[in-house]
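J.:
Number of protein chains: 2
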Amino acid sequence: MFFGRSIGTKPCRTLREVFKSVEEGSAQYGIVPAENSLEGSINQTYDLLLEASLKISGEVKVRVRHCLLALPGARLEDLNAVYSHPQALAQCAGFLQKLDLETIPAYDTAGSAKMLIEKQLNAGAIASERAAEIYGLQVLRKGIEDFPENFTRFFVLAKNDDSPTGRDRTSIAFATTHTPGSLHRALGELASRQINLTKIESRPIRGTPWEYNFFIDFEGHHNDVVVAEAINALQTSTAMLKILGSYPRAD
Amino acid sequence: MFFGRSIGTKPCRTLREVFKSVEEGSAQYGIVPAENSLEGSINQTYDLLLEASLKISGEVKVRVRHCLLALPGARLEDLNAVYSHPQALAQCAGFLQKLDLETIPAYDTAGSAKMLIEKQLNAGAIASERAAEIYGLQVLRKGIEDFPENFTRFFVLAKNDDSPTGRDRTSIAFATTHTPGSLHRALGELASRQINLTKIESRPIRGTPWEYNFFIDFEGHHNDVVVAEAINALQTSTAMLKILGSYPRAD
């Protein structure tokens, strides 16, 4: 209950569609996955954040519990394949290896559950318990992920970010200049001000092979004096800098 | 022709199988993708490098040229879907959007080509020109990738890495200690010795949410005096360090 009250929802087929809905105003907020604690960053989210005119205005961390679903009456030993999103298949790789079932990638977890019902497939789907309820499927096994410490961090997108709360995080993107040690110098603007870096991610710059944009998260709000000073210093020492947003920390 | 002569090849279904084949000695070398200049790092390769007892003994950069393949006689306007590896679908997203065809993820590009023939599907597959020759398919369109500057960098795996050539690169993995500024200090061991960092990648530490291992590439060989000094210094200032290998630079 990030929003503190129930709100209307609008499902989107792609991450790009989520960004577009908020940009065009057909949704006030957008929710996109940023990283999973086992599989790492969701690359497309980072690429879209760089293009978009939106801000990260919040973060939510959700515990992931995968279930193996099948048609009502189906037995585990009769399944011939398991469908799911590649991330979910990866997170349950150990469980699936033991079963020795063919794994088939699908667009999303809920979509793979829906497909079992629609096509009446003699197969399994990895999805949530909620998906089993929605599509009238049977839960064959619960909590089949290889590591119980499985969390996904989501970003809440909006046209503007939030005011400081005293327990904030800021996300920025930047490109370094073409000089040796430039990333080290950039991080030095945070370290010298005792600003705690909580994440760094690199993404290729499209059209310029072997050059990268960096995405960093650190504690503090871009309106805090010391953070504003660090961002100013970074702005003069980097080739590109974009403030993606400041928002209350979820932990 | 990385090896300078023709050698026997052994196809593997998964990256894990490539690592295993070299570890068990059924293959002398293994070739795995490390990163694509549009889509970024191949996460599983990095995760496997950390577990494996192998070394990176070489790198190869290959220009990617995707083709749209179909059954002989098929016409573009008659296709009902396009199959390929999610990376290839992502790299041709612009082209596919214009065609307004359903995209269906598959395990690999060549495998999606093979499937068209085997199942006689009225669909397209994104794969190489070579795959069209092998499976007797028609090339409907060549070079359909959104960015022509599309390269994939591969690692050559072996039981041991190479001796210095004077134009080498070294890859290492490390985990920082839990103190603010620890990544900045670690990179300082390279910067202060004028060692040029060419890539940094972070991957989540499994079972410990929101903590990361770092993978860095830099110029030089781990037997070079200045690089050996930097690695020694890093070893004392990091919580974990693994030398993944030194090898001749491909560029």
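Going line by line, the protein sequences match chains G and P. Residue numbering for the first sequence follows our numbering, starting at 420 and increasing by one per position. Residue numbering for the second sequence follows our numbering, starting at 420 and increasing by one per position. C-beta: ideal position from N, C-alpha, C; glycine also. A quick note: this is a predicted structure, and the numbers were derived from the prediction, not measured.
1) I'd like the list of long-range same chain contacts for R586(G), defined as Cβ closer than 8 Å, with 5 residues on each side in sequence excluded.
2) Please classify D580(P) as buried or exposed, where buried requires at least 16 neighbouring CB atoms within 10 angstroms.
3) Provide the residue(s) that pair with L660(G) in DSSP beta bridges, ordered along the chain.
4) Run down chain G in chain order and give the residues with a C-beta less than 8 Å from the C-beta of H603(P).
5) For a contact defined as C-beta to C-beta under 7 Å, what are the partners of L457(P) on chain G?
6) Is A532(P) near A550(P), with beta carbons less than 8 Å apart?
7) Report yes or no: do three or more beta-carbon pairs, one from the region 469-489 of chain P and one from the region 564-580 of chain P, lie closer than 8 Å?
8) At the level of alpha carbons, what is the spacing between N642(G) and S665(G)?
9) Chain G beta carbons: is any one of them nearer than 8 Å to that of F438(P)?
10) Indicate whether at least one CB of chain G lies closer than 8 Å to the CB of Q654(P).
11) Distance check for G607(P) and S656(P), CA to CA, integer angstroms please.
12) From A544(P), Q510(P), K517(P), pick the residue whose C-alpha is nearest to that of I523(P); which is it?
13) Taking any Cβ of chain P, which residues in the region 636-667 of chain G have a Cβ under 8 Å from it, in chain order?
14) Grab the span of the alpha helix (DSSP H) containing T522(G) for me, first residue to last.
15) In the DSSP assignment, find the alpha helix (DSSP H) that holds K533(P) and state where it starts and stops.
16) Can the beta-carbon of R612(P) be found closer than 8 Å to that of E648(P)?
17) Mind pulling the beta strand (DSSP E) runs of 3 or more residues that sit fully within the region 546-572 of chain G?
18) Decide if the region 586-605 of chain G is in contact with the region 501-509 of chain G; the criterion is three or more beta carbon pairs, one per stretch, under 8 Å apart.
19) Below 6 Å CB to CB, which residues in the same chain sit around E496(P) once its five sequence neighbours on both sides are set aside?
20) Give me whichever residues DSSP pairs with S621(P) in a beta bridge.
21) Taking A453(P) and I461(P) to be in contact with their CB atoms under 8 Å, please state how far apart those CB atoms are, rounded to whole angstroms.
22) Less than 8 Å between the beta carbons of L467(P) and R494(P), yes or no?
23) Going by the beta-carbon positions, is the gap between T571(G) and V481(G) smaller than 8 Å?
24) Of all the residues that make up the region 578-594 of chain P, which are near chain G by a beta-carbon distance shorter than 8 Å?
25) Under the three-state reduction of DSSP, which class applies to E443(P): helix, strand or coil?
26) Apply the 10 Å Cβ neighbour rule to R424(P) and answer buried if 16 or more other Cβ atoms are within range, or exposed otherwise.
27) Among S445(P), E620(P), F438(P), which has the Cα closest to the Cα of G427(P)?
28) How would you list, in chain order, the residues of chain P whose beta-carbon sits under 9 Å from the beta-carbon of E568(G)?
29) How would you call S582(G), buried or exposed, if buried means at least 16 neighbouring beta carbons within 10 angstroms?
30) Got a sec? Which residues, its chain only, sit under 8 Å from E548(P) by beta carbon, not counting five neighbours each side?
31) Considering R675(G), what are the terminal residues of the beta strand (DSSP E) in which it resides?
32) Since I believe E568(G) is in contact with P628(P) (beta carbons under 8 Å), could you give me their beta-carbon distance rounded to a whole number of angstroms?
33) Would DSSP call Y465(G) helix, strand or coil?
34) Which residues bound the beta strand (DSSP E) around A500(P)?
35) Quick one: using the 10 Å Cβ neighbour count with 16 as the cut-off for buried, is F637(P) buried or exposed?
T.: Short version:
1) As a first step, residue 586(G) is located in the first sequence; it is residue number 167 there, counting from the start. Same-chain partners within the cutoff: P667, R668.
2) As a working mapping, residue 580(P) is identified with position 161 in the second sequence. That one is buried.
3) Counting from 1 along the first sequence, the entry for residue 660(G) is found at position 241. In the DSSP assignment, L660(G) is bridged to F593(G).
4) Position 184 of the second sequence, counted from the start, is the residue given in the question as residue 603(P). Under the 8 Å cutoff, chain G gives H603, L606, G607, L609, A610, L616.
5) For the purposes of this step, residue 457(P) is taken as residue 38 along the second sequence, with counting starting at 1. By Cβ distance, chain G contributes P623, R625.
6) On the second sequence, position 113 is the one that residue 532(P) refers to. On the second sequence, position 131 is the one that residue 550(P) refers to. With respect to the 8 Å criterion, A532(P) and A550(P) are classified as neighbours on the basis of their beta carbons.
7) They touch, by the three-pair rule.
8) Residue mapping note: residue 642(G) aligns to position 223 of the first sequence, counting from 1. Residue mapping note: residue 665(G) aligns to position 246 of the first sequence, counting from 1. Take the alpha-carbon of N642(G) and the one of S665(G): they are about 9 Å apart.
9) Counted from its first residue, the second sequence places residue 438(P) at position 19. With its beta carbon at least 8 Å from every one in chain G, F438(P) lies outside the interface.
10) Indexing the second sequence from 1 puts residue 654(P) at position 235. No, no contact with chain G.
11) For the purposes of this step, residue 656(P) is taken as the residue at position 237 of the second sequence. For the purposes of this step, residue 607(P) is taken as the residue at position 188 of the second sequence. Looking at the two C-alpha atoms, the distance is approximately 11 Å.
12) Along the second sequence, one-based indexing puts residue 523(P) at 104. Nearest of A544(P), Q510(P), K517(P) to I523(P), Cα basis: A544(P).
13) Correct list: empty, as no residue qualifies.
14) Locating residue 522(G) in the first sequence gives position 103, counting from the first residue. The continuous stretches of alpha helix (DSSP H) do not include T522(G), which lies in the beta strand (DSSP E) extending over residues 521-524.
15) To locate residue 533(P), count along the second sequence from 1; it is residue 114. The continuous alpha helix (DSSP H) containing K533(P) extends over residues 528-538.
16) As a working note, residue 612(P) is residue 193 in the second sequence. As a working note, residue 648(P) is residue 229 in the second sequence. In this structure, E648(P) lies closer than 8 Å to R612(P) by Cβ.
17) Whole beta strand (DSSP E) segments, 3+ residues: 557-561.
18) These segments do not touch.
19) The residue given as residue 496(P) occupies position 77 in the second sequence. Contacts found: none.
20) Counting from one through the second sequence, the residue named residue 621(P) turns up at place 202. Under DSSP, the beta-bridge partners assigned to S621(P) are F633(P).
21) By one-based count along the second sequence, residue 453(P) stands at place 34. By one-based count along the second sequence, residue 461(P) stands at place 42. Confirmed, about 6 Å.
22) Residue 467(P) sits at position 48 when you count from the first residue of the second sequence. Residue 494(P) sits at position 75 when you count from the first residue of the second sequence. In this structure, R494(P) does not lie closer than 8 Å to L467(P) by Cβ.
23) Residue mapping note: residue 571(G) aligns to position 152 of the first sequence, counting from 1. Residue mapping note: residue 481(G) aligns to position 62 of the first sequence, counting from 1. Yes.
24) Here the close residues number zero.
25) Against the second sequence, residue 443(P) aligns to sequence position 24. Three-state result, E443(P): helix.
26) Reading the second sequence from its first residue, position 5 is the one you call residue 424(P). Classification of R424(P): exposed, given that the 10 Å Cβ count is below 16.
27) Counting from 1 along the second sequence, the entry for residue 427(P) is found at position 8. Answer by Cα proximity: S445(P).
28) Here residue 568(G) corresponds to residue number 149 of the first sequence, with the count starting at 1. Neighbourhood of E568(G) in chain P, by CB distance below 9 Å: R625, G626, T627, P628, in chain order.
29) What you label residue 582(G) is simply residue 163 of the first sequence in a count that begins at 1. Burial call: exposed.
30) Translated into the one-based positions of the second sequence, residue 548(P) becomes position 129. Listed in chain order, the non-local C-beta contacts of E548(P) below 8 Å within the same chain comprise R484, C486, V558, K561, local neighbours out to five positions each way being set aside.
31) No statement about residue 675(G) is possible, as the shown extent of chain G runs from 420 to 670 and does not include it.
32) Along the second sequence, one-based indexing puts residue 628(P) at 209. Along the first sequence, one-based indexing puts residue 568(G) at 149. Going by Cβ atoms, the distance from P628(P) to E568(G) rounds to 6 Å, so yes, they are a contact pair.
33) As a first step, residue 465(G) must be located in the first sequence, where it is residue number 46. Secondary structure at Y465(G): helix, using DSSP grouped into helix, strand and coil.
34) Position 81 of the second sequence, counted from the first residue, corresponds to residue 500(P). Unbroken beta strand (DSSP E) run through A500(P): 500-503.
35) Here residue 637(P) refers to the residue found at position 218 when the second sequence is read from its first residue. It counts as buried.
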